[in-house]
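K.L.:
Residue numbers (full-length UniProt numbering): 1 to 274.
C-beta: ideal position from N, C-alpha, C; glycine also.
Computed from a predicted structure; not experimentally measured.
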Amino acid sequence: MANYFVGDIQGCFDELQLLLAKVEFNPSKDILWAVGDLVARGSGSLPTLRYFKQLDGSARVVLGNHDLHLLAVAAKIKRANPKDQLDALLASSDLNSLIGWLRIQPLFQELPERNIIMSHAGIPPQWDLARLRSEAKKVSDALISPDYIQALISKMYGSDVNSWDPKADPLQQKIYCINALTRMRFLHSDGKLEFDSKLSPSAYKDSTLTPWFKFDGIINQTHTLVFGHWAAIMGEVGMQDMHALDTGCCWGEYLTLWHLESNQKITQNKLKKS
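#1: On the three-pair Cβ rule with 8 Å, is the stretch 221 to 240 touching the stretch 138 to 147?
#2: Under a Cβ-count criterion, where at least 16 other Cβ atoms within 10 Å of its own Cβ denotes burial, should R79 be classed as buried or exposed?
#3: Can you give, in chain order, each stretch of the beta strand (DSSP E) that sits fully within the UniProt domain "Calcineurin-like phosphoesterase" (5 to 134) and has at least 3 residues?
#4: With a cut-off of 8 Å on the beta carbons, I'd call A121 and R185 a contact; round off their distance for me.
#5: Please report the distance separating the alpha-carbon of D216 from that of P125.
#6: Between T210 and L187, which are expected to be in contact by the criterion C-beta below 8 Å, what is the C-beta distance as a whole number of angstroms?
#7: Quick check: the Cα distance between E110 and G42, rounded to an integer number of angstroms?
#8: Residues in its own chain within less than 6 Å of L19 by CB, not counting five upstream and five downstream?
#9: Under 7 Å between the Cβ atoms of H66 and D37?
#10: Quick check on DSSP: helix, strand or coil for S214?
#11: Check each candidate in A151, G158, I175 and name the one with the smallest Cα separation from P166.
#12: Comparing C-alpha positions only, which one of K83, N26, L199 sits nearest to L55?
#13: Expressed to the nearest angstrom, what Euclidean distance is found between the alpha-carbon atoms of K83 and T222?
#14: Going by Cα to Cα distance, which pick from K155, T208, S119 is closest to I219?
#15: Are the Cβ atoms of A74 and L107 separated by less than 7 Å?
#16: What would DSSP say about W230, mapped onto helix, strand or coil?
#17: Would you tell me roughly how many angstroms separate the C-alpha atoms of L171 and L132, rounded to the nearest one?
#18: Let's test the definition: count the other Cβ atoms within 10 Å of the Cβ of G100 and tell me whether it reaches 16, buried, or not, exposed.
#19: For W164, which three-state DSSP category applies?
#20: How many angstroms separate the CA atom of D30 from the CA atom of A21?
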């Protein structure tokens with residue numbers, strides 16, 4: 001059995017299929033891990049969701065910010081970004097089934113026997129594993145509840161909740177969890193999330209901003225962390241226990257697959273439009 005971790009697909013379904021063919025991915029014995037943002041900017045969001053849904057036990061998925069936004073768009077409380085290519089997905093006959101499948105996906109995944117944790121954007125440095133499990137479960141419980149749209153999805157937007165407060169009300173704690181695990185890139189010196197800076201760290205050399213993975217985190221002392229979300233760093237973190245897999249396929253770069261057992265990264269360039 002092999003474990004393959006793939007970066008942000010964002011609807012680049014054809015590139016995903018070519019990448020999986022390169023490693024002869026076999027769902028009968030292999031596991032495909034996806035760091036989230038299955039949908040959005042590429043033209044294949046619909047087949048991407050269908051593919052992962054039918055993989056069933058052969059896939060491990062976490063939700064990204066674009067996946068959560070899709071829940072809001074499908075519920076008609078937000079409009080699709082004009083740059084996203086979601087028309088086919090939103091008009092599909094199995095949209096409700098796909099949305100139901102997305103709602104049961106978690107914010108993080110574990111491979112305990114290898115001490116690996118995967119999330120979309122990262123893990124708050126101040127959280128230990130017990131806190132991560134607890135807070136992520138609260139969000140998952142809210143997503144599967146019948147009133148998930150009004151109770152959570154409609155309220156998760158905004159950047160006001162940018163720091164962890166164990167005394168905050170339950171909704172704010174859920175929003176922080178979503179913000180940290182699906183939107184985090186830089187942190188201020190006091191650990192607060194910074195949402196506006198999306199370039200590589202070299203663009204902010206004179207600022208007080210620090211990439212979240214450069215903080216002395218609790219979990220990364222014992223675990224290997226796998227994440228996506230930050231295409232601008234193109235997989236470069238300079239740390240052996242971190243694997244950043246978003247390499248900007250939807251922006252014209254390439255899709256990256258990490259083969260755990262060989263510790264090798266395999267890539268597939270963005271296909272040119274005919």
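P.N.:
Judging by the given coordinates:
#1: no
#2: Here residue 79 refers to the residue found at position 79 of the sequence shown. Exposed, because fewer than 16 other Cβ atoms sit within 10 Å of the Cβ of R79.
#3: 31 to 34, 59 to 61, 108 to 111, 116 to 119
#4: Position 121 of the sequence shown, counted from the start, is the residue given in the question as residue 121. Position 185 of the sequence shown, counted from the start, is the residue given in the question as residue 185. Contact flag correct, Cβ pair sits at about 7 Å.
#5: Walking along the sequence shown from the start, residue 216 turns up at place 216. Walking along the sequence shown from the start, residue 125 turns up at place 125. Whole-angstrom Cα-Cα distance: 7 Å.
#6: Counting from 1 along the sequence shown, the entry for residue 210 is found at position 210. Counting from 1 along the sequence shown, the entry for residue 187 is found at position 187. Right, the Cβ-Cβ distance comes to about 6 Å (below 8 Å), so this counts as a contact.
#7: One-based indexing of the sequence shown puts residue 110 at position 110. One-based indexing of the sequence shown puts residue 42 at position 42. Their Cα atoms are separated by approximately 28 Å.
#8: Counting from 1 along the sequence shown, the entry for residue 19 is found at position 19. Here the set comprises L255, L257, Q268.
#9: The residue you call residue 66 lines up with position 66 of the sequence shown. The residue you call residue 37 lines up with position 37 of the sequence shown. In contact: H66 and D37 (Cβ atoms closer than 7 Å).
#10: One-based indexing of the sequence shown puts residue 214 at position 214. It is Lys, not Ser, that sits at residue 214 in the sequence shown. Reduced to three states, the DSSP call for K214 is helix.
#11: Locating residue 166 in the sequence shown gives position 166, where the first residue counts as 1. The option with the nearest alpha carbon to P166 is I175.
#12: For this step, residue 55 is matched to residue 55 along the sequence shown. Ranking the options by Cα distance to L55, first place goes to N26.
#13: As a first step, residue 83 is located in the sequence shown; it is residue number 83 there, counting from the start. As a first step, residue 222 is located in the sequence shown; it is residue number 222 there, counting from the start. Their Cα atoms are separated by approximately 39 Å.
#14: The residue you call residue 219 lines up with position 219 of the sequence shown. Closest by alpha carbon: S119.
#15: What you label residue 74 is simply residue 74 of the sequence shown in a count that begins at 1. What you label residue 107 is simply residue 107 of the sequence shown in a count that begins at 1. No, Cβ-Cβ distance for A74 and L107 is not below 7 Å.
#16: Working through the sequence shown from its first residue, we reach residue 230 at position 230. If DSSP states are grouped into helix, strand and coil, W230 belongs with coil.
#17: Translated into the one-based positions of the sequence shown, residue 171 becomes position 171. Translated into the one-based positions of the sequence shown, residue 132 becomes position 132. Straight-line Cα distance between these residues: approximately 16 Å.
#18: Translated into the one-based positions of the sequence shown, residue 100 becomes position 100. Exposed.
#19: Start at 1 with the first residue of the sequence shown, and residue 164 comes out as number 164. Coil, per DSSP.
#20: In the sequence shown, counting from the first residue as 1, residue 30 sits at position 30. In the sequence shown, counting from the first residue as 1, residue 21 sits at position 21. Cα to Cα, the separation comes out at about 13 Å.
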